[in-house]
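Per this note's numbering, residue 15 is the first one in the sequence shown, and the count goes up by one each step. Built from N, CA and C at the ideal position, the CB exists for glycine as well. To keep things clear, I will list the structure first and then write my remarks on it.
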Amino acid sequence: MPQTRLGRTKEEVLKDFRTDEIVQAARRVIAELGFADASMERIAHEAGVAKGTIYLYFRNKEELLAHVAEHGFAVMLERARAAASRERSAEGKLAALLRAGLEHSSANQAIFRALQEQRLLAPESPPLLAATLERNLERLVSFVAGVIEQGTRSGELRACDPRRASRFLVESMRGAILERLREPSRTSVQADAEAIVDFFLHGVGATEPK
15 MPQTRLGRTK
25 EEVLKDFRTD
35 EIVQAARRVI
45 AELGFADASM
55 ERIAHEAGVA
65 KGTIYLYFRN
75 KEELLAHVAE
85 HGFAVMLERA
95 RAAASRERSA
105 EGKLAALLRA
115 GLEHSSANQA
125 IFRALQEQRL
135 LAPESPPLLA
145 ATLERNLERL
155 VSFVAGVIEQ
165 GTRSGELRAC
175 DPRRASRFLV
185 ESMRGAILER
195 LREPSRTSVQ
205 ADAEAIVDFF
215 LHGVGATEPK
């Protein structure tokens, strides 16, 4: 069987290419129509393939939606990593990764809203979507925990359970994303990111705890 330079067969490369085409088409259709009205036939038309072709790659629409969510999360996490890497301080890294996440969600509000409608951001999600959500959430929590742990080692942040602290921060970001989806935000992404980090680092107390 012919191999590419990276040791992958042409069939594997073609499969990945076709899968990505279908996922991108699904993103566009779901963003336009919502998940309920995004039929496999309409997605196939958008992708330029026969309806039956989609079922060679995805068992059903739920599995396709899970791949749409996976793709979107991968892009967001890559941007968050890149943004954090450009900052030197722990506070700067946290603000940068939050800003990247909020910017990504703001730029893809239609698809985020469609995913929310399917309860992708809630524990009542269908099994496959719930598993995708949990896996992606774990990856994000681990990444943020690493940033917090690095800040603790450098002395910028006080000693704490990095994973627990990470979950507080990630849930704050998710809350901000959902709030921005529900109604137009009166504040910028930058302002929201800085507010979350400020609250995370300093809380709302007027004085330092004794």
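Query                                                                                                                      : Result
Following the continuous alpha helix (DSSP H) through Phe49, name the residue where it begins and the one where it ends.   : Premise fails: Phe49 is in no alpha helix (DSSP H) and is neither H nor E.
Along the chain, where does the alpha helix (DSSP H) containing Gly169 start, and where does it finish?                    : Looking at the DSSP string, Gly169 is not in any alpha helix (DSSP H), and its letter there is neither H nor E.
How many whole angstroms separate the CB atoms of Ala207 and Leu116, which I take to be in contact at a CB cut-off of 8 Å? : 6 Å
By how many angstroms is the C-alpha of Val158 removed from the C-alpha of Val63?                                          : 40 Å
Give the straight-line distance between the Cα atoms of Arg32 and Arg194, rounded to the nearest whole angstrom.           : 33 Å
Should His85 and Asp34 be called a contact, given that it needs their Cβ atoms to be closer than 9 Å?                      : yes
Between Ala104, Ala98, Arg188, which lies nearest to Glu170 when the distance is taken from Cα to Cα?                      : Ala104
By the DSSP assignment, the alpha helix (DSSP H) with Asp206 in it spans what residues?                                    : 203 to 216
Determine, using beta carbons only, whether Arg93 and Ala114 come nearer to each other than 9 Å.                           : yes
Quick check: what's the CA-CA separation for Asn150 versus Leu108?                                                         : 18 Å
Does the Cβ-Cβ distance between Arg153 and Phe87 come in under 9 Å?                                                        : yes
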